[in-house]
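Taking our numbering, the leading residue of the sequence shown gets 127, the next gets one more, and so forth. Using N, Cα and C, we set each Cβ at its ideal position, and we do this for glycine too.
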Amino acid sequence: MYQTAKVRFNRMFNESGRCLDVAIDHGIFNEYSFLDGLENVEQVIGQLVAAGPDAIQTNYGQSDILQRIPGKNKPALVMRVDMGNPYNAETHRVMFSALQNENEPLLEALRMDASCVVCNLLLLPNEPDLHRQSLRNLARIRSECDKYGIPLMIEPLVMAPNDKRGGYQVDGNKKLIVPLVRQAREIGADIIKADPTEHVEDYHEVVEAARCPVLVRGGGKESLESIFEKSYQFLQQGTKGLVYGRNIYQHPNPTQIVKAFMAMIHQNATPAEALAIYHQNEQSGQ
127 MYQTAKVRFN RMFNESGRCL DVAIDHGIFN EYSFLDGLEN VEQVIGQLVA AGPDAIQTNY
187 GQSDILQRIP GKNKPALVMR VDMGNPYNAE THRVMFSALQ NENEPLLEAL RMDASCVVCN
247 LLLLPNEPDL HRQSLRNLAR IRSECDKYGI PLMIEPLVMA PNDKRGGYQV DGNKKLIVPL
307 VRQAREIGAD IIKADPTEHV EDYHEVVEAA RCPVLVRGGG KESLESIFEK SYQFLQQGTK
367 GLVYGRNIYQ HPNPTQIVKA FMAMIHQNAT PAEALAIYHQ NEQSGQ
């Protein structure tokens with residue numbers, strides 16, 4: 127990683143070398159179910175900033191809410207620079223993945239002083255052209271990131287067929303995830319936001335394939351007990367943190383759950399301790 131990119135990288139990763147990135151960039155994908163909990167984005171970002179995650183992930187159109195907050199003690203901005211239609215319940219006749227700005231793909235991230243940009247690397251059943259499109263996007267973004275000193279987070283997504291459980295389901299097969307993560311690193315990822323494997327004990331293979339910080343992505347909403355337990359186990363496999371969206375912003379109080387995740391990531395809190403922190407915050411009204 128170039129030295130200028132390292133400067134931005136350090137905004138996301140504190141002294142522990144780990145990061146909680148809260149993703150609220152879902153609106154770009156035109157999926158109604160993603161918007162539950164994001165109706166009032168200003169309110170959500172206010173709650174998140176109060177809880178103090180390391181980073182908040184948005185698109186350009188919502189990034190001003192975070193960046194206009196005065197003072198320097200606020201989360202780093204991670205900006206998504208791509209868009210597409212692979213997240214819907216039904217497969218479209220034409221599937222696509224495109225950069226949000228085809229001419230100058232990093233312009234908005236530079237204008238809003240983003241610490242990092244994120245872009246998908248898609249692998250869907252029987253959609254090789256979608257994979258090709260995302261590779262083309264990343265080839266373009268990589269050279270721009272090197273030019274301007276912005277870290278690149280690549281999000282390798284291995285999706286299961288829609289006819290199994292509806293749209294946007296992770297295929298946890300490590301034999302698909304590990305090679306895609308390796309491909310992301312070969313392209314030049316500085317950070318990888320990777321799918322969880324079906325068996326947590328296999329995740330060290332993802333970390334080894336990445337050779338750069340790996341943040342586990344969350345996916346669909348689960349119970350607190352389940353998500354704390356899974357998160358803890360993945361952190362024990364050598365990951366450097368979490369990128370969670372719906373498991374935070376679709377929670378009744380995002381502030382409370384962020385505090386619990388932050389304790390788990392930066393203070394090595396166990397699932398039981400994280401749950402106790404969550405309930406303590408709940409009772410105190412914080």
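Outcome for residue i when other beta-carbon atoms lying within 10 angstroms are tallied against a minimum of 16
{"i": "F135", "result": "buried"}
{"i": "R137", "result": "buried"}
{"i": "G292", "result": "Low confidence applies here, because G292 scores a pLDDT of 48, under 50, leaving its location unreliable; read the following figure in that light. Classification of G292: exposed, given that the 10 Å Cβ count is below 16."}
{"i": "Q226", "result": "buried"}
{"i": "Q412", "result": "Note on Q412: pLDDT 46, under 50, position unreliable in the model; the coordinate value appears next. Exposed is the call here."}
{"i": "S352", "result": "exposed"}
{"i": "V96", "result": "This structure cannot settle anything about residue 96, because the visible part of the chain is limited to 127 through 412."}
{"i": "N229", "result": "exposed"}
{"i": "Y329", "result": "buried"}
{"i": "P287", "result": "exposed"}
Nearest to residue i (by Cα), restricted to the options the options
{"i": "A149", "options": "I391, V243, D239 and G143", "result": "V243"}
{"i": "I303", "options": "L247, I353 and V384", "result": "L247"}
{"i": "G314", "options": "M285, G364 and R268", "result": "R268"}
{"i": "V207", "options": "Q188, A215, N214 and P201", "result": "Q188"}
{"i": "Q183", "options": "V284, A202 and K356", "result": "A202"}
{"i": "V349", "options": "T365, L341, V333 and I374", "result": "In the sequence as presented, Val is not what sits at residue 349; that position holds Ser. S349 has its Cα closest to that of I374, out of T365, L341, V333 and I374."}
{"i": "D180", "options": "K356, L341, E270 and V332", "result": "L341"}
{"i": "L233", "options": "Y274, K347 and L368", "result": "Y274"}
{"i": "A177", "options": "R266, D297 and T381", "result": "T381"}
{"i": "I413", "options": "K301, Q406 and L264", "result": "This structure leaves residue 413 out entirely; the chain is present only between 127 and 412."}
Three-way DSSP call (helix, strand, coil) for residue i in this model
{"i": "K366", "result": "coil"}
{"i": "N246", "result": "strand"}
{"i": "G292", "result": "With a pLDDT of 48 at G292, under the threshold of 50, the modelled position of this residue cannot be trusted; read the value that follows with caution. In this structure, G292 counts as coil in the three-state DSSP scheme."}
{"i": "R343", "result": "strand"}
{"i": "Q412", "result": "With a pLDDT of only 46 at Q412, under 50, the local geometry of the prediction cannot be trusted, and the value read off the model is given with reservation. Three-state result, Q412: coil."}
{"i": "E281", "result": "strand"}
{"i": "L164", "result": "coil"}
{"i": "I276", "result": "coil"}
{"i": "A395", "result": "coil"}
{"i": "S223", "result": "strand"}
{"i": "M238", "result": "coil"}
{"i": "L232", "result": "coil"}
{"i": "A181", "result": "strand"}
{"i": "A215", "result": "coil"}
Residue range of the unbroken alpha helix (DSSP H) whose run includes residue i
{"i": "G187", "result": "Y186 to Q193"}
{"i": "Y329", "result": "Y329 to A336"}
{"i": "Y375", "result": "R372 to Y375"}
{"i": "A310", "result": "K300 to I313"}
Endpoints, beta strand (DSSP E) assigned at residue i
{"i": "M209", "result": "D208 to G210"}
{"i": "D147", "result": "C145 to A149"}
{"i": "I317", "result": "I317 to A320"}
Min CB distance residue i to chain C below 8 Å
{"i": "D162", "result": "In the structure shown, chain C does not exist; there is a single protein chain."}
| said: I'd like to know if the stretch 390-402 and the stretch 185-203 are in contact, where contact means that at least 3 CB-CB pairs between them fall below 8 Å. | reply: no
Practice item. Could you tell me whether the stretch 357-364 touches the stretch 312-332, where touching means 3 or more Cβ pairs closer than 8 Å? Key: yes
Answer yes if the stretch 368-383 comes into contact with the stretch 304-313, meaning at least three C-beta pairs across the two stretches below 8 Å, and no otherwise. no
Does the contact criterion of 3 or more C-beta pairs under 8 Å hold for the stretch 212-232 versus the stretch 252-269?
yes
(Q) So, does the stretch 155-173 touch the stretch 391-398, judging by three or more C-beta pairs under 8 Å? (A) no
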